[in-house]
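A.B. asks: Got a structure for you, written out below as structure tokens; questions coming shortly.
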């Protein structure tokens, strides 16, 4: 924690470093790209920034969603008091006019400090981003990962795991304040009473509300999908062994039909909430669930943020650990990885698993059974 209220503004490309008083920051721009899962992973940092700059006006510059099913950052942060407004950054645009209008809007607002809060994007992209922020007239920029250590995830030294992205982000902004990754409060979405009531109403007349699992099938990227047929088989087995257990289907508007097909053999209470609740309201439903099951996805991170144990199936698109749900209560199945989470740690056999589709249904079922109380 910065006890004296001072920080450092580091322009990583021109090697300019100056001290500044945090109390002098009246307007703070946070540059964060991404959607649902990316935002949830950054929640502890957003909490720290809201605490350290409580009296400052805070706005986020973020990308417009590319996938219509992907929730934009403002949908996740909602009315939780994290920020006061947004600037829409046109994703991958080459429209100089659009970029110039954005630059002018930010320059007219005149932020005192920018916090760079993105996953590693490469030296050229970081240089471009910093240059754009400088052209917006922002005098101080912090959080740009200048070193290889900040750009990369550290090996955790056991089980072949790597540092979680939430931890790397916290390291990038440590000059601004301590980011507590352990406290449940750091992962809170600061739900409103209206959201609480909406989620409660969604389950009010459902027979399964007193004992259910939350399930989200949607995987925005095909190579991250375990396969609908495998989920169908898994849900069939779980329902046969627990015929009174409820199943809540969650996801975007385009996930409903697939989810219902995957759950066609479910014999207990079942409710389709795909596209019927906001992501924040869906998180409240997941908070009441016994277990979450699904892919590496935004809903998985939402479930973890509300403290619900997750059984999640991963592809090898990233090193193991980087995008795993934060916490020790989850069971993770990653191709070829014997570690599968838990406290105490649970190990499994994983021979021949070279990709996500080779993870056996038996292994995922065993992980589920280990969590169901």
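Residue numbers (this note's numbering): 24 to 396. The beta-carbon is built from N, C-alpha and C at its ideal position, and this holds for glycine as well.
Using the beta-carbon count (16 or more within 10 Å), is residue 233 buried or exposed?
C.D. replies: Per the 10 Å Cβ criterion, exposed.
A.B. asks: Grab the span of the beta strand (DSSP E) containing residue 235 for me, first residue to last.
C.D. replies: Run containing residue 235: 235 to 239, per the beta strand (DSSP E) assignment.
A.B. asks: Taking C-beta to C-beta, are residue 331 and residue 347 nearer than 8 Å?
C.D. replies: No, the Cβ-Cβ distance between residue 331 and residue 347 is not below 8 Å.
A.B. asks: Among the residues of its own chain, which have a CB less than 6 Å from the CB of residue 288, if the five just before and after it don't count?
C.D. replies: Contacts found: 259.
A.B. asks: Does the stretch 247 to 263 come close enough to the stretch 195 to 204 to have 3 or more Cβ pairs within less than 8 Å?
C.D. replies: No contact exists between the stretch 247 to 263 and the stretch 195 to 204.
A.B. asks: Could you check which residue in 171, 230, 129, 299 has the C-alpha nearest to that of residue 155?
C.D. replies: Of 171, 230, 129, 299, the residue nearest in Cα terms is 129.
A.B. asks: On the criterion of 16 or more Cβ atoms from any shown chain inside 10 Å, does residue 206 qualify as buried, or is it exposed?
C.D. replies: When all chains shown are included, residue 206 counts as exposed.
A.B. asks: Between 174, 191, 391, which has its C-alpha nearest residue 352's C-alpha?
C.D. replies: For the residues 174, 191, 391, the minimum Cα distance to residue 352 belongs to 391.
A.B. asks: Could you check what DSSP says for residue 102 in three-state terms: helix, strand or coil?
C.D. replies: DSSP places residue 102 in coil when its eight states are reduced to three.
A.B. asks: For the alpha helix (DSSP H) containing residue 119, name the first residue and the last one.
C.D. replies: From DSSP, the alpha helix (DSSP H) with residue 119 extends over 119 to 132.
A.B. asks: For residue 318, report the span of its alpha helix (DSSP H) as first-last.
C.D. replies: Here residue 318 belongs to no alpha helix (DSSP H); instead the beta strand (DSSP E) covers 314 to 318.
A.B. asks: Buried or exposed for residue 309, please, with buried defined as at least 16 other CB atoms from any protein chain shown within 10 angstroms of its CB.
C.D. replies: By the 10 Å Cβ count, residue 309 comes out buried.
A.B. asks: In angstroms, rounded to a whole number, what distance separates the CA positions of residue 321 and residue 279?
C.D. replies: For residue 321 and residue 279, the distance between alpha carbons rounds to 16 Å.
A.B. asks: Please state if the CB of residue 109 and the CB of residue 82 are separated by a distance shorter than 8 Å.
C.D. replies: Closer than 8 Å, so yes.
A.B. asks: Would the stretch 184 to 194 count as touching the stretch 64 to 73 if we require 3 or more Cβ pairs under 8 Å?
C.D. replies: The stretch 184 to 194, when compared against the stretch 64 to 73, does touch it at the 8 Å Cβ threshold.
A.B. asks: Applying the criterion that 16 or more other CB atoms from any shown protein chain within 10 Å of the CB defines a buried residue, is residue 148 buried or exposed?
C.D. replies: Answer is exposed; the Cβ neighbour count stays below 16.
A.B. asks: Cα-Cα, which of 303, 276, 298, 271 is closest to residue 290?
C.D. replies: Checking every option, the nearest Cα to that of residue 290 belongs to 271.
A.B. asks: Taking the alpha carbon of residue 140 as the reference point, which residue from 62, 132, 127 has its own alpha carbon closest?
C.D. replies: Measuring from the Cα of residue 140, the nearest candidate turns out to be 62.
A.B. asks: Got a sec, what are the start and stop residues for the beta strand (DSSP E) residue 220 sits in?
C.D. replies: Premise fails: residue 220 lies in the alpha helix (DSSP H), 216 to 226, not in any beta strand (DSSP E).
A.B. asks: In whole angstroms, what separates the C-alpha of residue 325 from that of residue 238?
C.D. replies: Distance between the alpha carbons of residue 325 and residue 238: 12 Å.
A.B. asks: Sorted by chain position, which residues of the same chain lie with C-beta nearer than 7 Å to residue 306's C-beta, five sequence neighbours on each side aside?
C.D. replies: So the list reads 212, 325, 328, 329, once near-sequence residues are dropped.
A.B. asks: Check the C-beta distance from residue 319 over to residue 297 and give it rounded, since I have them as a contact under 8 Å.
C.D. replies: Rounded, the Cβ-Cβ distance is 18 Å, inconsistent with contact.
A.B. asks: Please state the DSSP three-state secondary structure of residue 336.
C.D. replies: Reduced to three states, the DSSP call for residue 336 is strand.
A.B. asks: Assuming residue 338 and residue 214 are in contact, meaning their beta carbons sit under 8 Å apart, how far apart are those beta carbons, in whole angstroms?
C.D. replies: The Cβ separation is near 31 Å, so there is no contact.
A.B. asks: What are the residues that DSSP puts in a beta bridge with residue 355?
C.D. replies: Note: residue 355 sits in a beta bridge opposite 335.
A.B. asks: Starting from residue 182, follow its DSSP beta bridges and name the residues at the other end.
C.D. replies: Residue 182 pairs with nothing; no bridge assigned.
A.B. asks: Among 77, 50, 96, 72, which one has its Cα closest to the Cα of residue 57?
C.D. replies: It is 96.
A.B. asks: Is the beta carbon of residue 344 closer than 8 Å to that of residue 173?
C.D. replies: No, the pair does not count as a contact, with Cβ atoms beyond the cut-off.
A.B. asks: Which term fits residue 37, buried or exposed, when burial requires 16 or more other beta carbons within 10 angstroms of its beta carbon?
C.D. replies: With a pLDDT of only 35 at residue 37, under the threshold of 50, the placement of this residue in the model should not be trusted; the figure read from the coordinates follows. With fewer than 16 other Cβ atoms within 10 Å, it is exposed.
A.B. asks: Mark residue 248 as exposed unless 16 or more other C-beta atoms lie within 10 angstroms of its C-beta, in which case mark it buried.
C.D. replies: The residue in question, residue 248, is buried, as its Cβ has 16 or more Cβ neighbours within 10 Å.
A.B. asks: Let me check one thing: in DSSP terms, what residues is residue 164 bridge-paired to?
C.D. replies: Beta-bridge pairing links residue 164 to 137.
A.B. asks: Here's a check: name, in chain order, each residue in its chain whose Cβ is nearer than 8 Å to the Cβ of residue 126, leaving out the five neighbours to either side.
C.D. replies: Closer than 8 Å at Cβ, skipping near neighbours: 155, 158, 159.
A.B. asks: For residue 50, which of 145, 151, 134 has the nearest alpha-carbon?
C.D. replies: For the residues 145, 151, 134, the minimum Cα distance to residue 50 belongs to 134.
A.B. asks: Going by DSSP, what residues sit across from residue 271 in a beta bridge?
C.D. replies: Answer is 237, 294, bridged to residue 271.
A.B. asks: The beta strand (DSSP E) with residue 309 in it runs from where to where?
C.D. replies: Premise fails: residue 309 lies in the alpha helix (DSSP H), 302 to 310, not in any beta strand (DSSP E).
A.B. asks: Write down the C-beta distance between residue 73 and residue 48 rounded to the nearest angstrom, noting that I regard them as a contact closer than 8 Å.
C.D. replies: Contact flag wrong, Cβ pair sits at about 13 Å.
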